[in-house]
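Last residue of the sequence shown: number 360 in this note's numbering, and the count goes up by one each step with no gaps. Quick reminder that beta carbons are idealized off the backbone N, C-alpha and C, glycines included. Presented below is the structure to which this report refers.
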Amino acid sequence: MPSQPGFIGFEGLNVRQRSAHAEFEEEYDHDESMNDTSVRRVHTPMFSAIYDEIVTVWFKIQWLIFDENHQETFLMLKSYITDCVTIQKAIDQKSFVNNKYHLHNLPECLLIRTESDSNTIFLPNSILSFDRLLHKSIRSNEYQFQGQLIAILCKLNEKDSKLMFYKHLRTNIWYTYFNNPDVSSEYHSNMLCDGEQTQLETIGEENNQRHFNHSSQLTFPLSALTIHPITYVYLTKQCL
C-alpha cells in the first residue's frame, strides 16, 4: 500500500507528526473542569480541522488493494433492497461493488460509502468484522480483523452542508459537527444527548435491527443517517 502522509493521526495509526484528532484528544483532557457549553464552543474549530483532514487527506488515499492490484479508496455498498440492513450484514452478503474481489492488504482505515441513489438504509455497526473481505493468504486462524467506527460523514443537501458524527475514543462520547458554507453563523459542534448517544451506539446491533423499521424513528441529526451518500470511517485493528 502507498506510504501514508505523516500528519494523518487517528488513534491506532502510525503517526510521525501531530494531527487534528490527536490535539483534540489531548485538549479534551484539559477541559474536564469546564462546563459542557464551554467545551462545545472550544472544540468547534477542532472538529472542522478533523473533518477537513478526513476529506482532503483520507479521501485521497487508496486504502484497499484487491485482486490484480486493483486499488480503491472506498468500499462502496450496493444493495437493491428498500429496507434497512446493517453494514456488517451487507459485507457478509457481499452487497458492495467489486464483490468478486478479495483484499490483499490489511488497511489501516476502512472507508465505507453508500451510493447516492441507494434506497437502502445502512445501519452502522460500532465494531465491524471484515475477515470475509480478505484473501485467504492474509487471513489468520489466531486473530480476527475488526474495524472500529469513529466518524460518519453526511451530505445534507445540494449546497454541500456538512454534518459529521465523531466519536471521542477515550470517553466513547459522540459529537456532531455542522457547517453550512452559505451561512457563517451556522457553524457549530455539539455532544449528542444521552438518548441519541445510546441510539447511535445500538442502532447497528443485530438484535436492534428488527425493531428499526422506518426512518421516521430517527430525528435530526440522526435522521441524516438515511440520506445518501454517507461515508463511514472505521479504524482497523487486530483482535484475538
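May I have the straight-line CA-CA distance separating residue i from residue j, to the nearest angstrom?
i: Phe285; j: Lys220; result: 31 angstroms
i: Tyr295; j: Asn310; result: 6 angstroms
i: Val353; j: Ser257; result: 25 angstroms
i: Ile201; j: Phe340; result: 24 angstroms
i: Leu226; j: Leu254; result: 8 angstroms
i: Asn300; j: Asp314; result: 25 angstroms
i: Pro349; j: Ser249; result: 22 angstroms
i: Phe167; j: Asn292; result: 16 angstroms
i: Asn155; j: Val177; result: Low per-residue confidence applies at Asn155: pLDDT is 48, beneath 50, and the placement is therefore not dependable, though the value from the model is reported in the following sentence. Going from the Cα of Asn155 to the Cα of Val177 covers about 33 angstroms.
i: Lys275; j: Val175; result: 12 angstroms
i: Asp203; j: Phe179; result: 28 angstroms
i: Asp280; j: Ser215; result: 27 angstroms
i: Leu289; j: Glu321; result: 13 angstroms
i: Val181; j: Leu312; result: The residue you asked about is not Val; residue 181 is Ile in the sequence shown. In a straight line, the C-alpha of Ile181 is about 30 angstroms away from that of Leu312.
i: Glu188; j: Glu173; result: 30 angstroms
i: Asn277; j: Gln319; result: 24 angstroms
i: Ala169; j: Phe186; result: 31 angstroms
i: Val162; j: His190; result: Residue placement at Val162 cannot be trusted, given a pLDDT of 47 that sits under 50; the coordinates are not used to answer.
For a quick check, are the C-beta atoms of residue i and residue j less than 9 angstroms apart?
i: Thr351; j: Leu273; result: yes
i: Glu325; j: Thr206; result: yes
i: Glu262; j: Thr356; result: no
i: Lys287; j: Ile270; result: yes
i: Ile241; j: Leu342; result: no
i: Tyr307; j: Tyr171; result: no
If distances are taken between C-alpha atoms only, which option among the options comes closest to residue i?
i: Val217; options: Leu226, Tyr171, Glu192, Ile201; result: Glu192
i: Leu223; options: Glu321, Gln208, Phe265; result: Phe265
i: Ile211; options: Cys359, Ile293, Asn245, Glu188; result: Asn245
i: Ile347; options: Asn239, Asp203, Asn189; result: Asn239
i: Ile323; options: Cys313, Leu338, Leu312; result: Leu338
i: Leu184; options: Ile247, Val175, Leu230; result: Leu230
i: Lys209; options: Arg259, Leu243, Glu173, Gly267; result: Leu243
i: Gln268; options: Arg259, Ile247, Leu320; result: Ile247
i: Gln213; options: Asp251, Ile181, His190, Ser260; result: Asp251
i: Cys359; options: Thr318, Arg259, Gln182; result: Arg259
Chain D beta carbons: is any one of them nearer than 9 angstroms to that of residue i?
i: Ser257; result: Looking at the structure shown, chain D is missing, and only one protein chain is on hand.
Quick one: complete beta strand (DSSP E) runs, 3+ long, within the stretch 272–312? 282–288, 293–299, 307–311
For the stretch 232–248 against the stretch 189–207, do three or more pairs of beta-carbon atoms, one drawn from each stretch, fall closer than 8 angstroms, so that the two count as touching? yes
Segments assigned alpha helix (DSSP H), at least 4 residues, entirely inside the stretch 179–243: 207–212
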